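Novice:
Residue numbers (our numbering): 627 to 1184.
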């Protein structure tokens, strides 16, 4: 190695050795703790609250810094009664202006904190906090704090991790946020506003800004009072171009892996209700929350909603979505959902009415495999309740429902295709190979144990009427017993083709036939109710030719 290089290496090594030696010896030679009262005074002035530090030492490892293995910040009420808001950290590092420090004065440039916690009395609001804050002053002379922080928000359900950047001004008992940008999981918030009440422990806030999770973006205001107390109160007013409930549930990890109608229930009542009950002393149980939300578009379990408006009210452990209204596939839905989080099973009540909806688009959204299976204008009414935290939400539902379809048509598949085979023998009208127009279909249901029982099923079309009773399962299972009544013209054609059917004509000249509909929506099975045919035929023939004559008429022959 050449002599200049050796000199350079030796110089660097000497400087490094001196730095290491200084880092090891200076903290022991310099009494940094004598600066502690002035550091406490400067931090108290900057934060507006009493600051207490543990014994201080000097550190040179990452630049000149005064380090204390403990910090406490308390409002006046916290200091006097222990009930206000306080902050504690296990380690704090302050960086002073070097020249001022050499002259015996302390002017702080920045503060770094590790393992911090925010408390309200004995309640932990946030923990695991670390922060880096630059200290300055506004043009008006007020302390200014600019920095970033991260930690766990213990006051929120699930204690989510967060990170934030902020620019704030400290005013008497008030923190004015010029900007706040925070992230937690897939959520992002940008806001500005005020937080006050530190001295009394009656924390209040008013924020205006935006919040995002995935494609969903809302903007508006959030006001809160008594946030650190036993009864926090929140009020919000939010608007959004799009609220994608499906994506929010997916990003939050609370969506069941279900499809079809079950997905709608899963969207309303996430699996986490059953798997992770909310602690009874958690924020949701203590908070009184109310507000409104308006969205140009919404998405829930595949349903595409528009012009969404709703009012949320959480009070005494019950969440109420009241006056909810939205447009859906040409129709409009109005309803109220009440969810009691404080009772075993988290019981709910849903009261809703959907009117004027395009049935094909609605059914396709719930189950894409059913696209094109029904056309018409539908109206649906629900008055049901159940348990949101049970193993099967669908199985717990009880109540009443009604469905009506008007001015529609059915492709000639399944049930209608099988009935059509009878009419086609006589060239029956109204039920063709491609579709069956109908005037209306309606039924009222008694909902329980995963199915709906009906006693007033009614189907009306030009050549065929169906009336009956039975059950329809949430899984699509069918168990219906109906009377098929053909029009007088179709009945005449059928009887001319098959005279044996004449005994099934009613006094009005209409052919009636009892049918059993089984299977499910995707593969229905229609069978002649032979037991009923025999029973009714025997009754009609009892005063005529008896059983032998009836069987001859039914089966043909002389």
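Where a beta carbon is used, it is the ideal one built from N, C-alpha and C, also for glycine. Computed from a predicted model, the values in this text were never measured in an experiment.
Measure from the alpha carbon of residue 1030 to the alpha carbon of each residue in 949, 1110, 1065 and 866, then state which is nearest.
Specialist: What you label residue 1030 is simply residue 404 of the chain shown in a count that begins at 1. Answer by Cα proximity: 1065.
Novice: Work out the CA separation of residue 781 and residue 767 for me, nearest whole Å.
Specialist: Reading the chain shown from its first residue, position 141 is the one you call residue 767. Reading the chain shown from its first residue, position 155 is the one you call residue 781. Approximately 33 angstroms between the Cα atoms of the pair.
Novice: Let me know the secondary structure DSSP gives residue 1118 once reduced to three states.
Specialist: Your numbering for residue 1118 matches position 492 in the chain shown. Three-state DSSP puts residue 1118 in a helix.
Novice: Please report the straight-line C-alpha distance between residue 942 and residue 968, rounded to a whole angstrom.
Specialist: Here residue 942 corresponds to residue number 316 of the chain shown, with the count starting at 1. Here residue 968 corresponds to residue number 342 of the chain shown, with the count starting at 1. Cα to Cα, residue 942 sits roughly 8 angstroms from residue 968.
Novice: Taking 8 angstroms as the limit between beta carbons, can you name the residues of its chain near residue 798, skipping five residues before and five after?
Specialist: Numbered from its first residue, the chain shown carries residue 798 at position 172. The answer, listed in chain order, is 674.
Novice: Could you spell out the range, first to last residue, of the beta strand (DSSP E) harbouring residue 958?
Specialist: Numbered from 1 along the chain shown, position 332 holds the residue referred to as residue 958. Unbroken beta strand (DSSP E) run through residue 958: 957–966.
Novice: Using 7 angstroms as the threshold, is the C-beta distance between residue 867 and residue 922 below it?
Specialist: Position 241 of the chain shown holds residue 867. Position 296 of the chain shown holds residue 922. Yes, they are a contact pair.
Novice: Assign residue 1019 to one of three DSSP states: helix, strand, or coil.
Specialist: The sequence position of residue 1019 within the chain shown is 393, counting from 1. Here residue 1019 sits in helix by DSSP.
Novice: In angstroms with no decimal places, state the Cα-to-Cα distance between residue 1143 and residue 953.
Specialist: Counting from 1 along the chain shown, the entry for residue 1143 is found at position 517. Counting from 1 along the chain shown, the entry for residue 953 is found at position 327. Going from the Cα of residue 1143 to the Cα of residue 953 covers about 34 angstroms.
Novice: Which word fits residue 903, buried or exposed, when buried means at least 16 other C-beta atoms lie within 10 angstroms of its C-beta?
Specialist: For the purposes of this step, residue 903 is taken as residue 277 along the chain shown, with counting starting at 1. With a pLDDT of only 45 at residue 903, under the threshold of 50, the placement of this residue in the model should not be trusted, and no figure is reported.
Novice: Could you tell me which residues DSSP puts in a beta bridge with residue 872?
Specialist: In the chain shown, residue 872 corresponds to position 246, counting from 1. DSSP lists no partner for residue 872.
Novice: Would residue 1120 and residue 1137 be called neighbours here (beta carbons separated by less than 7 angstroms)?
Specialist: To locate residue 1120, count along the chain shown from 1; it is residue 494. To locate residue 1137, count along the chain shown from 1; it is residue 511. Yes; because the gap between Cβ atoms is below 7 angstroms, this pair is in contact.
Novice: Taking the continuous alpha helix (DSSP H) assigned at residue 663, which residues delimit it?
Specialist: Taking the first residue of the chain shown as 1, we reach residue 663 at position 37. It spans 662–673 - the alpha helix (DSSP H) in which residue 663 sits, taken as one unbroken run.
Novice: Can you give me the Cβ contacts of residue 1147 inside the same chain, cut-off strictly under 6 angstroms, excluding the 5 residues immediately before and after it?
Specialist: For the purposes of this step, residue 1147 is identified with residue 521 of the chain shown, where counting begins at 1. 1102.
Novice: DSSP has residue 923 in a bridge; who is on the other side?
Specialist: The count along the chain shown starts at 1 and reaches residue 923 at position 297. According to DSSP, residue 923 bridges with 932.
Novice: Just mark residue 1062 as buried or exposed, buried being the case when its beta carbon has 16 or more other beta carbons within 10 Å.
Specialist: Mapped onto the chain shown, residue 1062 falls at position 436. Buried, by the Cβ-count rule.
Novice: How should residue 1151 be labelled, buried or exposed, when 16 other C-beta atoms within 10 angstroms of its C-beta is the threshold for buried?
Specialist: Taking the chain shown and counting its residues from 1, the one referred to as residue 1151 is at position 525. Exposed is the call here.
Novice: Ignore the nearest five residues each way along the sequence and tell me which others in residue 789's own chain have a CB closer than 6 angstroms to its CB.
Specialist: For the purposes of this step, residue 789 is taken as the residue at position 163 of the chain shown. Around residue 789: 776 and 809.
Novice: Using a Cβ-Cβ cutoff of less than 6 angstroms, which residues in the same chain neighbour residue 837 once the five nearest sequence positions on both sides are dropped?
Specialist: Taking the chain shown and counting its residues from 1, the one referred to as residue 837 is at position 211. The residues are 815 and 844.
Novice: Just the C-alpha distance for residue 957 and residue 1027, rounded to the nearest angstrom, thanks.
Specialist: For the purposes of this step, residue 957 is identified with residue 331 of the chain shown, where counting begins at 1. For the purposes of this step, residue 1027 is identified with residue 401 of the chain shown, where counting begins at 1. Each residue's Cα considered, the two are about 18 angstroms apart.
Novice: Look at residue 848 and residue 862 and say whether their C-beta atoms are less than 7 angstroms apart.
Specialist: Locating residue 848 in the chain shown gives position 222, counting from the first residue. Locating residue 862 in the chain shown gives position 236, counting from the first residue. Taking 7 angstroms as the Cβ cut-off, residue 848 and residue 862 qualify as a contacting pair.
Novice: Per DSSP, residue 762 forms a beta bridge with which residues?
Specialist: For the purposes of this step, residue 762 is identified with residue 136 of the chain shown, where counting begins at 1. Paired residues: 770.
Novice: Ordered along the chain, which non-local residues of its own chain (more than five positions away) have a Cβ less than 6 angstroms from that of residue 823?
Specialist: What you label residue 823 is simply residue 197 of the chain shown in a count that begins at 1. The residues are 829 and 830.
Novice: Closest to residue 1087 by CA distance: which of 1098, 1068, 680 and 1158 is it?
Specialist: Stepping through the chain shown from its first residue, residue 1087 is reached at position 461. It is 1068 whose Cα lies nearest to the Cα of residue 1087.
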